[in-house]
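Novice: Mind having a look at this structure? Questions to follow.
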């Protein structure tokens with residue numbers, strides 16, 4: 085009997101084609117938008133190797149100061165060229181200078197170009213440190229042979245924004261699996277299928293599994309197709325594909341169990357969808373789907389409570405490092421959510437079935 089129910093639920097899911105399309109296209113569109121936006125954003129934080137700036141000395145300025153600054157600047161990748169005449173803005177545009185420094189008796193003024201934001205900030209910082217600490221003192225220190233202890237520290241390599249968002253939004257949509265369940269749950273209400281189950285010999289466990297199994301398979305196939313498309317379109321790198329696929333599968337099962345539990349408790353599809361999206365959004369925010377966990381300022385305890393956080397950490401670190409301490413925790417966390425939510429869903433369904441009997 086359960087095989088018939090599973091087969092029938094498969095048909096109901098595929099009849100509701102819009103839900104399948106949302107699961108397929110949703111992650112692709114979000115990944116495309118966010119990866120592109122953050123790729124351009126992160127370019128503004130990239131360092132520069134070498135750039136040119138101009139300078140000018142007023143009559144009372146100290147010439148020794150600029151000579152020392154030029155020597156120190158070469159070490160820092162800042163090349164100083166003198167332009168004694170002309171409008172400073174015109175000189176900068178004509179000679180494609182990243183900045184300009186005008187020295188006077190009382191100090192200096194730094195001019196920055198809007199086309200070279202990073203270089204301008206670097207020049208401003210260099211001049212501040214050089215004038216504050218004294219260029220000559222800095223140079224004398226560089227001439228001395230100083231031996232410092234060196235310790236190599238473990239660190240997480242920089243994560244490409246395309247890889248990052250290409251992974252975490254697959255995870256996020258895995259937890260929004262109620263989209264695919266609407267075809268089954270909606271038809272149960274529409275045609276009174278639940279009442280028919282009450283007079284049959286089908287147990288609540290069988291009824292639950294008849295939804296859980298096809299829902300897991302449909303979402304898994306949809307995420308596999310979406311992942312393959314995003315790899316082809318955006319060249320997303322998944323570390324250890326077999327282990328990563330298993331982690332995603334466990335989260336799909338956890339998301340399905342959570343959505344079915346909420347439905348069996350509320351007995352209302354609209355309320356279920358609203359509640360699920362609220363829970364998933366909350367976990368997604370503290371789990372790094374909306375706020376990049378590497379730059380999060382929230383208490384670590386909130387993030388550790390989110391199963392999405394553990395999944396994101398495991399998958400992203402597998403991608404960029406090939407290993408992660410969060411793999412075991414993510415799998416166990418998803419398994420615990422699946423078992424607990426499934427038990428509550430079956431219990432809630434049994435109570436409601438007795439109440440209607």
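In the numbering used here, the protein residues as written are 85 to 441.
Think of the CB as a built atom: it goes at the ideal place given N, C-alpha and C, for glycine as much as any other residue.
For clarity, every value in this text was computed on a predicted model and none was experimentally measured.
(1) Does the beta-carbon of residue 355 have 16 or more other beta-carbons within 10 angstroms, so that it is buried, or is it exposed?
(2) Assuming residue 371 contacts residue 390 under a Cβ cut-off of 8 Å, what Cβ separation, rounded to an integer in Å, is found between them?
(3) Taking the alpha carbon of residue 428 as the point to measure from, which residue in 398, 94, 338 and 404 has its own alpha carbon closest?
(4) With distance defined between alpha-carbon atoms, name the residue in 91, 255, 111 and 104 nearest to residue 397.
(5) Helix or strand or just coil, what does DSSP make of residue 326?
(6) Report the three-state DSSP secondary structure of residue 374 (helix, strand or coil).
(7) Name the DSSP bridge partner or partners of residue 140?
(8) Assign residue 487 to buried or exposed, taking buried as 16 or more other Cβ atoms, counted over all protein chains shown, within 10 Å of its Cβ.
(9) By Cβ distance below 8 Å, which residues in the same chain neighbour residue 179 in space, the five residues on each side in sequence not counted?
(10) Which first and last residues belong to the beta strand (DSSP E) in which residue 193 is found?
(11) To the nearest angstrom, report how far apart residue 112 and residue 364 are at their CA atoms.
(12) Can you determine whether any heavy atom of the ligand NAD sits closer than 7 Å to the C-beta of residue 359, and answer yes or no?
(13) In terms of alpha-carbon separation, which member of 197, 193, 298 and 336 lies closest to residue 98?
(14) Where residue 227 and residue 156 are concerned, what is the direct C-alpha to C-alpha distance, given to the nearest angstrom?
(15) Nearest-angstrom Cα distance between residue 117 and residue 270?
Specialist: The relevant details are as follows:
(1) exposed
(2) 4 Å
(3) 338
(4) Distances from the alpha-carbon of residue 397 to those of 91, 255, 111 and 104 put 255 closest.
(5) helix
(6) Coil, per DSSP.
(7) 186
(8) Because the chain spans 85 through 441 in this model, residue 487 falls outside it and cannot be assessed.
(9) 136, 138, 165 and 167
(10) 192 to 196
(11) 19 Å
(12) Of ligands this structure carries none, so the ligand NAD is not represented either.
(13) For the options 197, 193, 298 and 336, the alpha carbon positioned closest to that of residue 98 is the one of 298.
(14) No answer about residue 227 holds up, because its pLDDT of 49 lies below 50 and its placement is not dependable.
(15) 32 Å
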